[in-house]
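Novice: I'd like to ask some things about the structure below.
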Amino acid sequence: MEQRLDYYSLVGFKSGSTSPDELARLRIEPERTALFLDFDGTFVDIAPTPDAIRVTDRDKTLLDQLSKRTSGAVSVISGRNLHEIDSYLSDFQGTVSGGHGAEMRREAKALPTIKCDLERLEHIKCAVREFAAVDPRILAEDKSFGIVLHFRQHPELEGKVRDFVRSLVGGDADFEIQQAKMALEIKPKGISKAMAIERIMKFKEFRRRTILFAGDDDTDEIAFSWVNEQGGITIKIGDGLTLARYRTRNPASFKKWLREQLKSASKGA
Ligand SMILES: [Mg+2]
12 MEQRLDYYSL VGFKSGSTSP DELARLRIEP ERTALFLDFD GTFVDIAPTP
62 DAIRVTDRDK TLLDQLSKRT SGAVSVISGR NLHEIDSYLS DFQGTVSGGH
112 GAEMRREAKA LPTIKCDLER LEHIKCAVRE FAAVDPRILA EDKSFGIVLH
162 FRQHPELEGK VRDFVRSLVG GDADFEIQQA KMALEIKPKG ISKAMAIERI
212 MKFKEFRRRT ILFAGDDDTD EIAFSWVNEQ GGITIKIGDG LTLARYRTRN
262 PASFKKWLRE QLKSASKGA
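Spelled out as structure tokens, the structure:
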């Protein structure tokens, strides 16, 4: 807890000074908005294991409708690998960023990825896999540019996992630890969802629109902070301290709100 408060003071959060508004109060104009949607915990429910999530046909239709209404200014911004997102959203033609901004594709075209010390990364991955192999409660998830240690059903393991990743990359010049929901991730320094959003906002279909970013996790807070600075709209899905300006309960209530925006926009058109 102490560490979490330190983190929020670092990014400018003062306890008690910010209280997100109910998302239900907000109305947007899709025609003037650039939508950036986190995936797990925001657009789909978190599942006990990363590969147990479900994307319904209704979800896919919603993404499609949002894409049409915004003339393509919809982007899925995830910590997952790009190819995983694509396996769930194979028909989505919009921009997708994976690995917290390390990978990106626009329409069907992959864009250049970040530079990273691949040899060092492979050593880190080997050590993490060995650590996870001896404790079946811990799951190692390989990323193109990092690796995640999940302890989703065993919160009591957080200390043990944290000690391990600190011993592995604490003070490392090229890699850093990122806190996620019931997980710790090792990733190259300097990549972030904020960086991905900034890059995507230069694409012509996104330019000059109001940024809207929705996320659910501590890993989304830096992007909330950056989007707030740009005068954008930030939405936190679920409980917890946040820098986001709006909050809604869960992915279902968020998607309901998105559908309402499409309806009210079409009535007004
Ligand atoms: Mg998430």
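Sequential numbering from 12 applies to the sequence shown in the numbering used here.
Glycine included, each C-beta is placed from N, C-alpha and C at the ideal position.
All values reported here derive from a predicted model rather than from experimental measurement.
1) Measure from the alpha carbon of PRO123 to the alpha carbon of each residue in GLU114, LEU129 and ARG131, then state which is nearest.
2) Quick one: is the Cβ of THR253 within less than 6 Å of any heavy atom of ligand 1?
3) Cβ-heavy atom distance between GLY52 and ligand 1 below 6 Å?
4) Closest to ARG65 by C-alpha separation, out of GLU42, GLU95, SER78 and SER86, would be which residue?
5) With hydrogens ignored, establish whether the beta-carbon of ASP146 is closer than 6 Å to any heavy atom of ligand 1.
6) Going by DSSP, name the residue or residues bridged to GLN76.
7) Would you call GLY112 buried or exposed, if buried means 16 or more other Cβ atoms sit within 10 Å of its Cβ?
8) Regarding ASP70 and ligand 1, is the C-beta to nearest heavy atom distance less than 6 Å?
9) Using 7 Å as the threshold, is the C-beta distance between GLY8 and ASP231 below it?
10) For a test of the three-state rule: what should DSSP assign to LYS136, helix, strand or coil?
11) Go through the region 89 to 176 residue by residue and report every complete run of the alpha helix (DSSP H) that reaches 4 residues or more, in order.
12) Could you compute how far the alpha carbon of CYS137 sits from the alpha carbon of LYS204?
13) Of all Cβ atoms in chain D, is any one closer than 7 Å to the Cβ of PRO41?
Specialist: The relevant details are as follows:
1) The alpha carbon of PRO123 has as its nearest neighbour, out of GLU114, LEU129 and ARG131, the alpha carbon of GLU114.
2) Flag unset: Cβ of THR253 not near ligand 1.
3) At least one heavy atom of ligand 1 is nearer than 6 Å to the Cβ of GLY52, so yes.
4) Between ARG65 and the set GLU42, GLU95, SER78 and SER86, the nearest pair of CA atoms involves GLU95.
5) Checking the Cβ of ASP146 against ligand 1 gives no.
6) Secondary-structure assignment with DSSP links GLN76 through no beta bridge to anything.
7) Classification of GLY112: buried, given that the 10 Å Cβ count is 16 or more.
8) For ligand 1, not one heavy atom lies less than 6 Å from the Cβ of ASP70.
9) A question about residue 8 goes unanswered here, because the residues of the chain that appear run from 12 up to 280.
10) DSSP, read as helix, strand or coil, puts LYS136 in helix.
11) Counting only runs of 4 or more residues that sit fully inside the region 89 to 176, the alpha helix (DSSP H) segments are 93 to 99 and 129 to 144, in chain order.
12) Those two C-alpha atoms are separated by around 26 Å.
13) The displayed structure is made up of one protein chain only, and chain D is not part of it.
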